[in-house]
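Report on the structure given below.
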Amino acid sequence: MKQFTSGMTLSDILKKLDQTTITLKKLDERIKNNSNTIEDLKTIRIQLETQTTIISLIQKQRPSAYYIWKALNGL
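Those letters in the sequence shown? Residues 1 to 75, per UniProt numbering, in order.
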């Protein structure tokens, strides 16, 4: 988690979380269309690990920000 805390503001962290969400949504579409590759699956794993780390960090440091982000993204 240190890689996400070094000099990053909450805004920076939320932007990174949004980026991973966008990437996962694009990959989800590829899977639905049966056009996924092994590289897509590796990317999904990395994005999910990144999201898990970021969400954990936000929940510990600013729980309300996590719930706001979650609500804004319809999750």
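Where is the CB? At the ideal position from N, CA and C, for every residue including glycine.
So for residue i, helix, strand or coil by DSSP?
| i | result |
| --- | --- |
| Ser56 | helix |
| Thr50 | helix |
| Ser35 | coil |
| Arg45 | helix |
Expressed to the nearest angstrom, what Euclidean distance is found between the alpha-carbon atoms of residue i and residue j?
| i | j | result |
| --- | --- | --- |
| Lys60 | Asp40 | 30 Å |
| Asp12 | Ile31 | 29 Å |
If we call anything under 8 Å between Cβ atoms a contact, is residue i one with residue j?
| i | j | result |
| --- | --- | --- |
| Ile54 | Leu17 | yes |
| Ile46 | Leu27 | no |
Tell me which residue opens and which closes the alpha helix (DSSP H) that residue i is part of.
| i | result |
| --- | --- |
| Thr21 | Leu10 to Lys32 |
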